Amino acid sequence: MQEYIRNFSIIAHIDHGKSTLADRLIQECGAVSDREMKAQIMDTMDIEKERGITIKAQSVRLSYPYKGKTYTLNLIDTPGHVDFSYEVSRSLSSCEGALLVVDASQGVEAQTIANVYIAMENNLEIIPVINKIDLPAADPIAVCEDIESTIGLSCEHVLKVSAKSGVGIKELIAFIIEHIPPPKGKVNASTKALIYDSWFDNYLGALALVRLIDGELRVGQEVLMMSSGKRYEVLSLYYPHPVQKVPTQSIACGEIGIISLGLKTLTDMAVGDTITDSKSPTSEPVAGFRPAKPFVFAGIYPIETDRFEELREALHKLKLNDSALSFEPETSVALGFGFRVGFLGLLHMEVVKERLEREFRLSLIATAPTVVYEVYLNDGSKVLVQNPSELPPTQKIESICEPYVRASIITPSEYVGNIITLLSAKRGVQEKMDYLTQSRVLLVYAIPSNEIVMDFYDKLKSCTKGYASFDYEPIGYRAGDLVRLDIRVAGEIVDALSIIVDRQKSYEKGRALVEAMKEIVPRQLFEVAIQASVGSKIIARETIKSMGKNVTAKCYGGDITRKRKLLEKQKEGKKRMKAIGRVELPQEAFLAVLKID
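Position one of the sequence shown corresponds to residue 1 (full-length UniProt numbering), numbered consecutively onward.
Put into structure tokens, the structure is as follows:
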């Protein structure tokens, strides 16, 4: 019965208590016994628990008796970080309502606003919930005013809870049942189900979390994937549960469930795709589907070069659980064999690298992250460049366009000056500046993606003492005056250190890079020149002096010509070594690119 189903999700900024609130709701509904209960039960990865973030969306089906009736509550947890905003949009389109959780001491932050707008686009019933009311610094009245002025949501029926101690949880569940509308699907229509998450199970193969919009799904039914046109038989169906999946023979209209089709990979179970009955398909799929597109690219290489095959295997295994990951082999003169890997964003890159190192015990080095550039050539053609070493020769290039993002930053007003200075240095263009309250400011800037993929987030946190919150969305390509900056060590270009930069910044970036490299590259028996160049023009240089060896130590007294002869011989040897000698770069040299300002 659809009228007794409530589908809702929780949206919040990182660290506002989303996972803890989910724990309390699960406990209050009695879905997990006290013996099986553990903190952040819906976060399955160690990294999620350590960092306090949700990376993979999880769902749980809860039963709750209310006024003599048993209601089914489907809690659809969503990741909070901007990198996973597509998953968030698919999860929210599977719900009828959302709990907007705001920390009583922090107030509204940037990611909260971004995810609320996605919820509003999907016409969800949004319930404001103020969490952590038991903190000494809590100020629920100010936070209510903040929500009303920033988001425009009425806080007349705001709920005040403490997810940690369980205060207000019963009232929250009652409010969800009373105010979130039940699903409105057509029970007798053709099967129409939205995939809003997928992952790989070692025993069952690829599994998908689906929301039944119309009709029903049955075990043994032949279904059609609308994006690929492929047909499969439904092998098994389950209801999601925090401890173990609950098998079922059918999933009814308005419900959520897990579907197994016996697939070996996730490529045919793309998030956002629509599943329908193959014999009587639905006329149109659920709107908004798009394949996952990588936003940031970086080269990942094993430090021990003989472990290349292990890295390949590890990436294939991770890809099973993360369809957004893309990779292809590449070689570098300096680093050997590795992979060019595409990520959804910087957090995604950090998480993937950490999982590769932890779960597969690999020692890895990542090159500086870059974005995809559109390069227009003189003959009118367009090429997409994601690796600086692929950039065509300067004389063939008509123009280069770089991707831009719209960044929303919320900060206490005393740090506005610091942030504007930082954004100007990053080539940001101001679009909006609003005082949300007397003490909080919203800044909206258009910034080149290349400027935020390195260290922007760290610098933003440093210049605001950690108080600013940051969110961004891609807004397309704009033309830029860009050049490739190469680093030459002993005359040879080190391809892994090449970066694409704004022409006006190329000198200071080249200067900083060669200075950093001078400290890192070990001294040789011959003099080594480290140069930064744009095309064939050298724009900065540092020289590493050769190691001294006193060849005249054995000469006691005697004629000066004996000493001069030995010194001339040494000079000839050094000249020969300079011509044939190779400089082995230590791993820190590649990390220097990531650390320069």
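By construction, the Cβ of each residue, glycine as well, lies at the ideal position given by its N, Cα and C atoms.
Nothing here was measured: the structure is a model prediction, and the numbers come from that model.
Would you mind stating whether L194 and V286 have Cβ atoms separated by less than 7 Å?
yes
Starting from the Cα of I447, find the closest Cα among I409, R440, L436 and S236 and give me that residue.
I409
Near C144, which residues of its chain fall below 6 Å by C-beta distance, leaving aside the five closest residues on each side in sequence?
C155 and V158
Assess contact between the stretch 473-481 and the stretch 505-520, defined as three or more Cβ pairs (one per stretch) separated by less than 8 Å. Is contact present?
no
Quick one, are the C-beta atoms of K108 and K18 less than 7 Å apart?
Note on identity: in this sequence residue 108 is Val, with Lys being the wrong assignment. Their beta carbons are not under 7 Å apart, which means V108 does not touch K18 by this criterion.
At least 3 beta-carbon pairs within less than 8 Å: the stretch 484-500 vs the stretch 380-398:
yes
Residue environment, A104, which counts as buried when at least 16 other CB atoms sit within 10 Å
buried
Exposed or buried, which one is K465 when buried takes at least 16 other CB atoms within 10 Å?
exposed
Member of R24, P181 and G257 whose CA lies at the smallest distance from the CA of F8
P181
Own chain, CB closer than 6 Å to A189, minus 5 neighbours either side, in chain order
D214 and G215
Start-to-end residues for the alpha helix (DSSP H) that takes in V178:
It should be pointed out that residue 178 corresponds to Glu in this sequence rather than to Val. Counting along the chain, the alpha helix (DSSP H) containing E178 begins and ends at I169 to H179.
Euclidean distance between Cα positions of M225 and T276
7 Å
Which value, in whole angstroms, describes the spacing of the CA atoms of V296 and F343?
5 Å
Collapsed DSSP secondary structure at Q524 in the structure displayed
coil
Could you tell me the boundaries of the beta strand (DSSP E) in which T248 lies?
V246 to T248
Could you check the C-alpha separation between K67 and E178 for me, to the nearest Å?
11 Å
I believe I127 touches A208 by the beta-carbon criterion, under 8 Å. Please report the beta-carbon distance rounded to the nearest angstrom.
Rounded, the Cβ-Cβ distance is 28 Å, inconsistent with contact.
Would DSSP call P182 helix, strand or coil?
coil
Only counting runs of 4 or more residues, tell me where the alpha helix (DSSP H) segments fall wholly within the stretch 293-321, in order along the chain.
308-321
Is G557 buried or exposed, if buried means 16 or more other CB atoms sit within 10 Å of its CB?
exposed
Keeping to the same chain, check which residues put their C-beta closer than 6 Å to that of residue 601; ignore five residues upstream and five downstream.
Absent from the model: residue 601. The displayed extent of the chain is 1 to 597, so no value can be given.
Determine which residues share a DSSP beta bridge with F456 and list them.
Per DSSP, none; premise fails for F456.
Rounded to a whole number of angstroms, what is the C-alpha to C-alpha distance between F308 and E359?
16 Å
Drop a sphere of 10 angstroms on the beta-carbon of D322, count the other beta-carbons inside from all chains shown, and report buried for 16 or more, exposed for fewer.
buried
How far does the beta strand (DSSP E) with P448 in it reach, from first residue to last?
R440 to P448
Should I147 go down as buried or exposed, given a rule of 16 or more other Cβ atoms within 10 Å for buried?
buried
If you pair each beta-carbon of the stretch 396-405 with each one of the stretch 372-382, do three or more pairs fall below 8 Å?
yes
Can you check whether the CB of R24 is closer than 7 Å to the CB of L73?
no
Just to confirm my understanding: we take V429, look at its own chain, exclude 5 residues before and 5 after, and list those with CB closer than 6 Å. What are they?
A446
Exposure label - D43; buried when at least 16 CB within 10 Å
Unreliable positioning characterises D43 in this predicted model, as indicated by a pLDDT of 48, which lies under 50. The coordinate reading is nonetheless provided below. So D43 ends up on the buried side.
Can you tell me whether DSSP reads R406 as helix, strand or coil?
strand
Collapsed DSSP secondary structure at Y415 in the structure displayed
helix
Check this for me: beta carbons of D134 and S165, under 7 Å apart or not?
yes
State the start and end residues of the unbroken alpha helix (DSSP H) segment that holds E233.
Per DSSP, E233 belongs to no alpha helix (DSSP H); it is in the beta strand (DSSP E), R231 to E233.
Within the same chain, show all residues whose beta-carbon is closer than 6 Å to that of Q531, passing over the 5 residues directly before and after it, in chain order.
R488, I538 and R541
So, is T282 buried or exposed, given that buried needs 16 or more other C-beta atoms within 10 angstroms?
buried
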